[in-house]
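Protein chains in written order, with our numbering: chain S, 30 to 428; chain B, 6 to 128. Quick reminder that beta carbons are idealized off the backbone N, C-alpha and C, glycines included. Since the structure comes first, as structure tokens, the remarks are kept for the end.
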Amino acid sequence: MRKCYFDHVATNPLDSRVLDEMMPYFKEEFGNPLSMYELGSKAKEAIDNARGQVASLIGSKASEIVFTASGAEANNFALRGIALARQNEGKHAIVSKMEHHSILNSARFLEKMGFVVTYLPVDKHGVVDPDTVKKAIIKETTLISVTHASSEVGTIEPIKEIAAIAREKKIIFHTDAVATAGNIPIDIKDLGVDLLSMAAHQFYGPKGAGALYVREGLRIVPLIYGGIQENGRRAGTENVPAIAGMGKAAELAVNEMNSRIEHGRRLRDKLLKIKSSAENVHLTGHPENRLPGHASFCVEFIEGEAMLLLLSAKGVYAASGSACSSKALKASPVLLSMGIPSGLAQGSIVFTLGKDNTDDDIEYLLAEFPQVIKRLREISPYGKGWGIEGEGGQCTVQK
Amino acid sequence: MYSAKVMDHFSNPRNVGDMPDADGVGTEGNPTCGDVMQIFIKVKDGKIVDAKFKTFGCGAAIAVSSMITELVKGKTLEEALAISKETVANELGGLPAQKMHCSNLGADALKKAIEDYRSKNKT
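In structure tokens:
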């Protein structure tokens, strides 16, 4: 049976060239980068090299990159680290409703610590209006965090505009770029952000490696205390193989970015044709300004987990923001914040394509997916009267 | 995460469909939470002679609906009312803990269908 991996927002397969780069640091080059002898300096070289490669990915200085163990850690570090470092200037932070749990739950932690957090609304495409940011700013605001792009609906946010507003008010601005770093070009100077989070496994690197860009001169309180690793900003003996892998993955992403984007866009546009072969299927997120390989939908009258199970039986791996498919049993807050009715949000399905997907993969999906929809609709008590707006989600059972 | 029995009833659900001449209809659940179950029963001489369902929901919800329509056929109304959520889950070889409450709506929908039948056939 054909296997089609369409869940690149969950994680990417490790590029074999990246694995080759990592292997020596699991084996012969096992040294601790802090050690004085050659084994240690080899490991330190690997980290220095990777720091330069990751810096090149976003156009920063190597010294502005702090390695972490994940994108989630980078997000926790940014929010907590800046809020605490500047708490004497104010205890108000602004985040958007499009954020990943690692931002939202960090914001909730800050609320428990006595901070006040404003959650920015979004429009029906999931776009944060820079004007709402301007209006949310108060004298005590020290930090704003808005994601570069949503992994759930693919929408790319107007980060440059929001960062400019923050800079003008002397507020620190962070963006979660886990979905974009290594996937679309990022020029940190052009973007104008103070902090930016990345995760290696989102661009064919290993899990267990992430990074936070921290603009030179910015004061930030560490998340992990201990030794002097990462200039005292992140203690703990470095995960040398993973960091070396992140560096290599960043280098490959720089070299291959244009062709990967072109490939992702082309296949995605082909996949979007699903809307013409199945009725009552709605694209979620921004129709144009979205991640290259990202196609997300809400399918009326049926539920996401059931779709995932039937697709998986056909060798197709995708994701959903439905309540039943989440461990928390809650529909995706991102979909609800975009005004998608809660019933329709249960029909969420997300296909995210990668560099190794082929035209044949897409054709297979285009042939199989409408059958899955048809089969579940035959079981469903609903059949009409929904839609993405208006009456949708009232979910009256058709008699 | 699901038992083989759940996957079987999800992949090949029994008794799917509408029943225009149903003697009792019961609907339970809410699409906001993710699952809605509709059960139709046909009753003759105090026994359930046929049952069908329509379900909006996850794999567990569909498997539960399929299983309960199988379980009730041939049972008296009293016997059918004795079917609990636990009975259905056990017959399916168990359900994941987080699915026990929100997706295991079959017994409740069945109760409503029987109540519906009884309210229409008061003697």
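What Pro410/S touches in chain B, judged by beta-carbon distance under 9 Å, is Asp23, Thr32, Val41, Met42, Gln43, Phe58, Lys59, Thr60, Phe61, going in chain order. With fewer than three CB-CB distances shorter than 8 Å, the stretch 298–314 of chain S does not count as touching the stretch 20–29 of chain B. Residues of the stretch 367–393 of chain S with a C-beta atom less than 7 Å from some C-beta of chain B are Ser371, Gly372, Gln375, listed in chain order. In this structure, Ala352/S places its C-beta atom within 8 Å of the C-beta atom of Ala360/S. Within the DSSP secondary-structure output, Glu33/B pairs in a beta bridge with Met42/B. Taking 4 residues as the shortest admissible run, the stretch 149–223 of chain S contains the following complete alpha helix (DSSP H) segments, listed from N- to C-terminal end: 159–165, 188–197, 217–220.
From the beta-carbon of Cys327/S, no residue of chain B is found nearer than 7 Å; the closest lies around 12 Å away. If you draw a straight line from the Cα of Arg319/S to the Cα of Ile272/S, it comes to about 29 Å.
Under the 8 Å criterion on CB atoms, Ile53/B is classed as non-interfacial with respect to chain S. Membership of Ala9/B in the alpha helix (DSSP H) is indicated by the continuous run 9–16. Taking the CA atoms as reference points, Arg19/B sits about 42 Å from Leu133/S. Under the Cβ distance rule, Cys33/S does not count among the residues neighbouring chain B, no pair being separated by less than 8 Å.
For secondary structure counted as the beta strand (DSSP E) over 3 or more consecutive residues, the stretch 40–102 of chain B holds these complete runs in sequence order: 40–49, 52–61.
For Ile402/S, there are no neighbours in chain B by C-beta distance under 8 Å, as the nearest C-beta there is about 13 Å away. If only uninterrupted alpha helix (DSSP H) runs of at least 4 residues are considered, those enclosed by the stretch 375–423 of chain S are 388–408.
Listed by position along chain B, the residues whose Cβ is nearer than 7 Å to that of Leu338/S are Phe15, Gly64.
For Ala342/S, the nearest CB of chain B lies under 8 Å from its own CB, placing it at the interface with that chain.
The way I'd put it, the stretch 391–399 of chain S doesn't touch the stretch 364–373 of chain S; fewer than three beta-carbon pairs between them come closer than 8 Å. Looking at the DSSP output, Tyr66/S bridges to nothing. With contact defined as three or more Cβ pairs closer than 8 Å, the stretch 324–343 of chain S and the stretch 161–177 of chain S are not in contact.
Put simply, the backbone Cα of Gly221/S is about 12 Å away from that of Ile200/S. Interface with chain B (8 Å Cβ-Cβ cutoff): Ala307/S is excluded. Interface with chain S (8 Å Cβ-Cβ cutoff): Thr92/B is excluded. With respect to the C-alpha of Val243/S, the residue from Asn260/S, Gly234/S, Gly237/S having the closest C-alpha is Asn260/S. Gly239/S sits in a strand when the DSSP states are folded into three classes. A residue is called buried once 16 or more other Cβ atoms fall within 10 Å of its Cβ, and Phe144/S is buried on that count. Note on geometry: alpha-carbon atoms of Ser85/S and Ser409/S lie some 51 Å from one another.
Counting C-beta atoms within 10 angstroms of its own C-beta, Met142/S has fewer than 16 neighbours from the protein chains shown and is therefore classed as exposed. In this structure, Glu33/B sits away from Ala94/B, with a CB-CB distance that is not shorter than 8 Å. Put simply, of Arg295/S, Leu149/S, Gly60/S the residue whose alpha carbon is nearest the alpha carbon of Asn386/S is Arg295/S. Listed in chain order, the non-local C-beta contacts of Val77/B below 8 Å within the same chain comprise Ile46, Ile53, Ala56, Ala85, Ile88, Leu115, local neighbours out to five positions each way being set aside. Within the same chain, Ala98, Gly237, Ala238 come within 7 Å of Asn268/S by CB-CB distance, once the 5 residues on both sides are set aside. For the options Gln258/S, Ile167/S, Thr40/S, Ile123/S, the alpha carbon positioned closest to that of Ala228/S is the one of Thr40/S. Secondary structure of Phe144/S (DSSP, three-state): coil.
At a beta-carbon threshold of 8 Å, the residues of chain S lying near Ser108/B are Cys353, ordered along the chain. Chain B has no Cβ within less than 8 Å of the Cβ of Glu181/S.
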